[in-house]
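To start, the structure itself, in structure tokens.
Residue numbers (the working numbering): 236 to 441.
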């Protein structure tokens, strides 16, 4: 029997923005952020990501396009997750990131990153399909649509972060501002640790 566990996380502004994005774009989510977190874990357990790649690519996630829900930002929310799924994700993070006791908040943020990056990938694929169809129409009709027509033909055209899709790096000022908004020592330690891992991975990959 798969026991149900109760976990919690104190949300940063970036967490709140990401969860709002997932709730809006993932049709499976019907009940808000807590359900979104459960689905993030279930997806990660079903198809274990390469967590180092997820952490690296998460640097390019865009948080500038929308505001966080004020009722969620810096609040602690609880969510339910199956023990089987939670343990699968926990063990994968331990193994891949070489951590004996990773923080729940750290694991959960990795799952959020993975879910949001997956949504971007799917949306980018839909955009390519739209662009392909548009080019086919142009070749048949012999005319070129204006940019406004392109957006109308592909409603998701502007929804994807240029940073997430094309690797545009986030500015240092934004990262520093986000760090200053963290209130607890645990949150700041998590953020510092993520940056150290990114630096280490960058050296190994060079």
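Glycine included, each C-beta is placed from N, C-alpha and C at the ideal position.
- Residue 327 has its alpha-carbon roughly 12 Å from the corresponding atom of residue 276.
- Between the beta-carbon of residue 248 and that of residue 413 there is about 6 Å, and that keeps the pair under the 8 Å contact cut.
- Contact between the region 266 to 283 and the region 334 to 341 is absent, with fewer than three C-beta pairs closer than 8 Å.
- For residue 299, the three-state secondary structure derived from DSSP is coil.
- In the structure shown, residue 316 adopts extended strand secondary structure according to DSSP, grouped into three states.
- Your pair residue 271 and residue 261 checks out as a contact, with CB atoms roughly 7 Å apart and the cut at 8 Å.
- Checking the DSSP bridge columns, you'll see residue 241 partnered with 315.
- In its chain, beyond the 5 residues on either side, 253, 256, 257, 296 have a beta carbon closer than 7 Å to the beta carbon of residue 351.
- Of all alpha-carbon atoms in 259, 244, 331, the one lying nearest the alpha-carbon of residue 313 is that of 244.
- In the displayed model, residue 419 falls within coil according to three-state DSSP, outside both helix and strand.
- Pairing residue 419 with residue 315 gives a Cβ-Cβ distance that is not under 9 Å.
- The beta carbon of residue 325 is closer than 8 Å to those of 337, 342 in its chain, skipping five residues each way along the sequence.
- With respect to the 9 Å criterion, residue 433 and residue 334 are not classified as neighbours on the basis of their beta carbons.
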